[in-house]
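Worksheet: one structure, shown below.
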Amino acid sequence: MAPKRQQRTANFNRCGVRGVAAALKILAELDASATVLFASDNSLGDDGARILFEGLRERRLKRKRDALVSGDAAVLGLVDIHLAGNAMTDKGVLHALRYASEDHVLEKLDFRSQDINLFTGVDEMAVYLNLSAINCLSFSGNTLDECGFSYLLRTITVPLSTLHFDECDLRTSTAEAIAHYLSSPASRRLVSFHASHNNLGLDGVSVILSFINRSNYTLSDPLFWFNAKPPFIEGYADNDYWQEQYVDDFITFDKELQDEAFPLEMRPRELQHFMRRVEDLHRFEDVLKKRNERYAIRVRQAARRVLGPARVVLLGREDEAAAKKSTLHLLNLPRELQVMILRYLTSPPDSPVLFLSNSQWSRVTAYASDRSKLRTMAARSRATLEEWKAERLEAQDPVVPLDTTQEARHVFDREMLDYEADVGCDLFEGSE
Numbered sequence: 008m009a010p011k012r013q014q015r016t017a018n019f020n021r022c023g024v025r026g027v028a029a030a031l032k033i034l035a036e037l038d039a040s041a042t043v044l045f046a047s048d049n050s051l052g053d054d055g056a057r058i059l060f061e062g063l064r065e066r067r068l069k070r071k072r073d074a075l076v077s078g079d080a081a082v083l084g085l086v087d088i089h090l091a092g093n094a095m096t097d098k099g100v101l102h103a104l105r106y107a108s109e110d111h112v113l114e115k116l117d118f119r120s121q122d123i124n125l126f127t128g129v130d131e132m133a134v135y136l137n138l139s140a141i142n143c144l145s146f147s148g149n150t151l152d153e154c155g156f157s158y159l160l161r162t163i164t165v166p167l168s169t170l171h172f173d174e175c176d177l178r179t180s181t182a183e184a185i186a187h188y189l190s191s192p193a194s195r196r197l198v199s200f201h202a203s204h205n206n207l208g209l210d211g212v213s214v215i216l217s218f219i220n221r222s223n224y225t226l227s228d229p230l231f232w233f234n235a236k237p238p239f240i241e242g243y244a245d246n247d248y249w250q251e252q253y254v255d256d257f258i259t260f261d262k263e264l265q266d267e268a269f270p271l272e273m274r275p276r277e278l279q280h281f282m283r284r285v286e287d288l289h290r291f292e293d294v295l296k297k298r299n300e301r302y303a304i305r306v307r308q309a310a311r312r313v314l315g316p317a318r319v320v321l322l323g324r325e326d327e328a329a330a331k332k333s334t335l336h337l338l339n340l341p342r343e344l345q346v347m348i349l350r351y352l353t354s355p356p357d358s359p360v361l362f363l364s365n366s367q368w369s370r371v372t373a374y375a376s377d378r379s380k381l382r383t384m385a386a387r388s389r390a391t392l393e394e395w396k397a398e399r400l401e402a403q404d405p406v407v408p409l410d411t412t413q414e415a416r417h418v419f420d421r422e423m424l425d426y427e428a429d430v431g432c433d434l435f436e437g438s439e
């Protein structure tokens, strides 16, 4: 495994020129060591996006050729690209995702506040996205077409960890597509899904949360606030601006703001019913978040308990001298028997391993028996130590030798994150 590079940011937000000229300026001045590119508010448009990503593709290919010649195995390319506020349409998204499908170093794309509507090319977007290594994606601040949005969610197979659709004018009719995605294998690594400030309605949000409750145990940051307006707006404010302000105040769950905006004696029965439903959904969302956070902790505890012994049993080689005295040649038994014995020995009555489902256990043992994963530990250890030293130097802190135990624990925690991502969508069968 190649060492992870230290994060280096290239900031071209509002770079002084616009459109294609901005794209050319970014390509000319972008440092080869940059891992994060901020290029927001430059009005790139579709032509600028095309120039930018074609240029990045050429740079990546050239650096890859140079790396092959020199034997340098360092990671190449950008990991994170922010393009908010660049007047891109669906064509610009296609240029970006086409590049992402070829560069598997790229993990994050930010398309906030564009002119994207998902009217055209959505099938191509889905193909390119599924061929990429993207795990964080944001379309917030774009008015999205209902059909295009639903098609995209139903065809995503790449395992994203973050997906945001705030302020996208999503209607109640799109709630089914969101619920389907959040309960499908495609969301098996999803941690954060935001769809606030839309028009999903209380019924739409209720459907989505019900599906999360039944089928999703990885989502620890769901956010569906401000998706419905009280059924009484007219007559409570002089203009649209103050109507919006009153509504925002009312559903912040701040009692003082609620009383100030709408005195208790002025609240009709419909308003009281609306208020109770909003508060109930907010509490339900919070309960689901805490439940999934607890489940994630249990997965980590179970993985720590199992992974070490599993590697000893499944990858170990029996000592010939000791084997002559042994009555049970554990390391020479068939794999199925080894796994049965391992599960029995690592699952006392109070063990977190008991929380593992059968499918999870299969994934644990498959991961533990992969010798290539074991060989990456030394590389990760060295990379972690170098990262720590580089961070201290950059902060002008004295580089104190890292405690061996602390180093080993940090490396192990990183491996647990990789392992947990491989566990799958059925982290836990059933709910509390």
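So the sequence shown is residues 8 to 439, counted in the working numbering.
Quick reminder that beta carbons are idealized off the backbone N, C-alpha and C, glycines included.
Runs of the beta strand (DSSP E) spanning 3 or more residues and lying entirely within the region 137 to 170 occur at 143 to 145, in chain order. 84 is the residue among 48, 84, 74 whose C-alpha sits nearest the C-alpha of residue 40. The beta-carbon distance between residue 112 and residue 136, rounded to whole angstroms, is 16 Å. This is too long to meet the 8 Å contact definition. In the structure shown, residue 204 adopts coil according to DSSP, grouped into three states. In the displayed model, residue 210 falls within a helix according to three-state DSSP. For the pair residue 190 and residue 223, the CB atoms are nearer than the 7 Å cut-off. When only Cα atoms are considered, residue 341 and residue 303 end up about 32 Å apart.
Under the 8 Å Cβ criterion, the region 141 to 150 does not count as touching the region 179 to 189, having fewer than three qualifying pairs. Under the three-state reduction of DSSP, residue 297 is assigned to helix. Contact between the region 64 to 78 and the region 18 to 30 is absent, with fewer than three C-beta pairs closer than 8 Å.
Scanning the region 100 to 138 for uninterrupted alpha helix (DSSP H) segments of 4 residues or longer gives 129 to 138, listed from N- to C-terminal end. Residues of the same chain with a CB within less than 8 Å of the CB of residue 123, apart from the 5 flanking positions on each side, are 95, 96, 97, 99, 100, 146, 149, 151 in chain order. The DSSP-derived three-state label of residue 173 is coil. By the CB criterion at 7 Å, residue 45 and residue 18 fall inside the cutoff. For residue 16, the enclosing beta strand (DSSP E) stretches over residues 16 to 18.
For residue 343 and residue 374, the gap between their C-alpha atoms comes out near 15 Å. Around the C-beta of residue 16, fewer than 16 other C-beta atoms lie within 10 Å, and the residue is accordingly described as exposed. For residue 43, the enclosing beta strand (DSSP E) stretches over residues 43 to 45. Rounded to the nearest whole angstrom, the CA to CA distance from residue 314 to residue 372 is 8 Å. Assigned with DSSP and collapsed to three states, residue 85 falls in coil, not helix or strand.
Beta-bridge partners assigned by DSSP to residue 178: 206. Rounded to whole angstroms, the gap between the alpha carbons of residue 221 and residue 116 is 30 Å.
Assignment of beta-bridge partners to residue 228 by DSSP yields 199.
With distances taken between CA atoms, residue 294 lies nearest to 228 out of 351, 350, 228.
Cβ contact annotation for residue 129 (same chain, cutoff 7 Å, sequence separation greater than five): 155, 158, 159, in chain order. Per DSSP, reduced to three states, the secondary structure at residue 372 is helical. A distance below 7 Å separates the beta carbons of residue 62 and residue 34. Closest option to residue 109, judged by alpha-carbon separation, among 194, 71, 75, 193: 71.
For residue 26, the uninterrupted alpha helix (DSSP H) run begins and ends at 26 to 36, by DSSP.
Note on residue 352: under 16 other CB atoms within 10 angstroms of its CB, so exposed under the neighbour-count rule. Check the Cα spacing between residue 163 and each of 286, 184, 50: the tightest is with 184. Membership of residue 21 in any alpha helix (DSSP H) is not indicated, and neither H nor E is assigned to it by DSSP. Of the candidates 132, 339, 92, 368, 132 places its Cα closest to the Cα of residue 106.
Assignment of residue 53 by DSSP, reduced to helix, strand and coil, places it in the helix class. Annotation for residue 352: the continuous alpha helix (DSSP H) segment containing it runs 342 to 352.
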